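If you're matching them up, the sequences are chains A and B in order.
Mapping of the first sequence onto full-length UniProt numbering: residues 1 to 168, in sequence order.
Mapping of the second sequence onto full-length UniProt numbering: residues 1 to 125, in sequence order.
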Amino acid sequence: MGEASKISRYLYTVIVLFIIWMFLTSSLDPQELEIGLILSLIVGALTYEVFTEKGLANLHPKRVAYAIAYIPYFIWAMIMANLDVAYRVLHPKRPINPGIVEAKTVLKNDLGKLALANSITLTPGTITLDVKEDRYFIHWIDVTDESVEGASKAITEPFEKFLKVIFP
Amino acid sequence: MSAAAIIGEFLVLFGAIFYVLSSLGLIRMPDVYNRMQTATKSATLGSLGVIVGVGIWAISNVNSYAWLPKTIVIAVFLLLTNPISAHALIRAAYKSGIPLWERSVVDKYKEALEREGKEMKEGEQ
Numbered sequence: 001m002g003e004a005s006k007i008s009r010y011l012y013t014v015i016v017l018f019i020i021w022m023f024l025t026s027s028l029d030p031q032e033l034e035i036g037l038i039l040s041l042i043v044g045a046l047t048y049e050v051f052t053e054k055g056l057a058n059l060h061p062k063r064v065a066y067a068i069a070y071i072p073y074f075i076w077a078m079i080m081a082n083l084d085v086a087y088r089v090l091h092p093k094r095p096i097n098p099g100i101v102e103a104k105t106v107l108k109n110d111l112g113k114l115a116l117a118n119s120i121t122l123t124p125g126t127i128t129l130d131v132k133e134d135r136y137f138i139h140w141i142d143v144t145d146e147s148v149e150g151a152s153k154a155i156t157e158p159f160e161k162f163l164k165v166i167f168p
Numbered sequence: 001m002s003a004a005a006i007i008g009e010f011l012v013l014f015g016a017i018f019y020v021l022s023s024l025g026l027i028r029m030p031d032v033y034n035r036m037q038t039a040t041k042s043a044t045l046g047s048l049g050v051i052v053g054v055g056i057w058a059i060s061n062v063n064s065y066a067w068l069p070k071t072i073v074i075a076v077f078l079l080l081t082n083p084i085s086a087h088a089l090i091r092a093a094y095k096s097g098i099p100l101w102e103r104s105v106v107d108k109y110k111e112a113l114e115r116e117g118k119e120m121k122e123g124e125q
């Protein structure tokens, strides 16, 4: 994976920091914007090396559009996960069937793997235990399929169609 | 009562219900790994509901739109960091040798670790 130029990575860091500043102050007063811009330039210069590898390529419109489309899909999956957990907690027989399964992913990018691991942790009945290269070890509260292919199909594939585009 | 107040109150109530379920799950579940499932998921969604709900409620209650962006930033940070801490805790629990529940069906991670250990030994010879 090639790294983008220093200037592009620096500008991307500054843009992200400045957007967070605007959200935190929640005012469009010119004085606050100036101070925010100066501070994001300073903090960006200190931290851009660890913050990003791709730089401005992250702001490609197609990737931003997929990232925005991913948010409602993810929140819906999270609400379903919580109703599922509520059912398991409140049911008198406690219908759980836990185990640790292995799943494979097609994602190559480290950031994409992190996003997938986070998504897995917050969606129905699964929590990421460890990641080794392209293999995920997942604690599944209701194991329906022990094989690697079956687990990948049930757990990782629904998110991959979005994450593949967001983090190529 | 305005629409913002109704939505905000509903979201706060919704979040509080999931907080209760999350703490109930800690009592009901048999081992560390299953407890982590309920604690992480319900507490994260509960926090999102309460935090964003307060931001929306403030629109009608204190007549300020300034709360909403701040609460959204807090919610996003929580959403990004909570699963990572859960992952670190569950992995540390596994590494320090806490056993799975006795009725667990499969442990692929143990098999993978044993396979790797064998390969390392063969490499040394």
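Note that CB positions come from ideal geometry on N, CA and C, so glycine has one too.
Note that the coordinates shown come from a computational prediction; the quantities given were computed from them, not determined experimentally.
Looking only at its chain, what residues have a beta carbon closer than 8 Å to the beta carbon of residue i, apart from the 5 residues adjacent to it on each side?
| i | result |
| --- | --- |
| B:ILE90 | VAL32, TYR33 and MET36 |
| A:VAL143 | ASN97, PRO98, GLY99 and VAL101 |
| A:GLU160 | THR105, VAL106, LEU107 and LEU116 |
| A:ALA69 | PHE162 |
| A:GLU32 | THR25 |
Please tell me whether residue i and residue j are closer than 8 Å, where the distance is taken between their beta carbons.
| i | j | result |
| --- | --- | --- |
| A:ASP130 | B:TYR109 | yes |
| B:VAL73 | A:ILE20 | yes |
| A:THR78 | B:LEU26 | Rather than Thr, the amino acid found at residue 78 of chain A in this sequence is Met. It is not a contact, given that the beta carbons lie outside the stated cut-off. |
| A:VAL85 | B:SER42 | yes |
| B:GLY49 | B:TRP67 | no |
| A:ALA67 | A:ILE166 | yes |
| B:GLY53 | B:LEU21 | no |
| A:SER8 | A:LEU56 | yes |
Tell me which residues share the same chain as residue i and place their Cβ nearer than 7 Å to its Cβ, disregarding the 5 neighbours each side in the sequence.
| i | result |
| --- | --- |
| residue 204 of chain A | For residue 204 of chain A there is no data in the structure shown, the boundaries of chain A being 1 and 168. |
| B:ALA5 | TRP57, SER60 and ASN61 |
| A:MET80 | PRO124 |
| A:PRO95 | ARG88 |
| A:ARG63 | VAL165 and ILE166 |
Can you round the beta-carbon distance between residue i and residue j to whole angstroms, since I take them to be within the 8 Å contact cut?
| i | j | result |
| --- | --- | --- |
| A:LEU122 | A:LYS113 | Actually they are not in contact, since the Cβ atoms of A:LEU122 and A:LYS113 sit about 15 Å apart, beyond 8 Å. |
If distances are taken between C-alpha atoms only, which option among the options comes closest to residue i?
| i | options | result |
| --- | --- | --- |
| B:TRP101 | A:LYS164, A:HIS139 and A:ALA86 | A:HIS139 |
| A:LEU90 | B:LYS70, B:VAL54, B:LEU80 and B:THR38 | B:THR38 |
| A:PRO92 | B:LEU24, B:TRP67 and B:TYR94 | B:LEU24 |
| A:LYS164 | A:ASN82, A:SER8, A:LEU116 and A:THR47 | A:LEU116 |
| A:LEU24 | B:THR71, B:VAL50 and B:ILE17 | B:THR71 |
| A:SER26 | B:PRO83, B:SER64 and B:PHE77 | B:SER64 |
| A:ASN58 | A:ALA81, A:MET80, A:ASP29 and A:ASN109 | A:ASN109 |
| B:LEU113 | A:SER119, A:TYR73 and A:PHE137 | A:PHE137 |
| B:LEU80 | A:SER8, A:ILE7, A:PRO158 and A:SER119 | A:SER119 |
| B:ALA88 | A:LEU83, A:HIS60 and A:THR128 | A:THR128 |
| A:PRO124 | A:ASP29, A:LYS132, A:TRP76 and A:PRO30 | A:TRP76 |
| A:PRO158 | A:TYR87, A:TYR73 and A:PRO95 | A:TYR73 |
| B:PRO69 | A:LEU83, A:SER5, A:ILE71 and A:MET22 | A:MET22 |
| B:PRO30 | B:ARG115, B:PRO99 and B:GLU122 | B:PRO99 |
Which same chain residues, not among the five before or five after residue i, have their C-beta less than 6 Å away from its C-beta?
| i | result |
| --- | --- |
| B:ARG28 | none |
| A:MET1 | Residue placement at A:MET1 cannot be trusted, given a pLDDT of 43 that sits under 50; what the coordinates show is reported in the next sentence. Same-chain partners within the cutoff: there are none. |
| B:ALA75 | LEU48, ILE51 and VAL52 |
| B:PHE14 | GLY49 |
| B:ASN82 | THR44 |
| A:LEU111 | PHE167 |
Hey, does residue i have any beta-carbon neighbour from chain C nearer than 8 Å?
| i | result |
| --- | --- |
| B:PRO99 | No chain C appears in the structure shown, which is made up of the protein chains A and B. |
For the structure I just gave you, are there three or more beta carbon pairs, one from the segment 48 to 66 of chain A and one from the segment 6 to 16 of chain A, closer than 8 Å?
The segment 48 to 66 of chain A makes contact with the segment 6 to 16 of chain A, as at least three CB pairs between them are under 8 Å.
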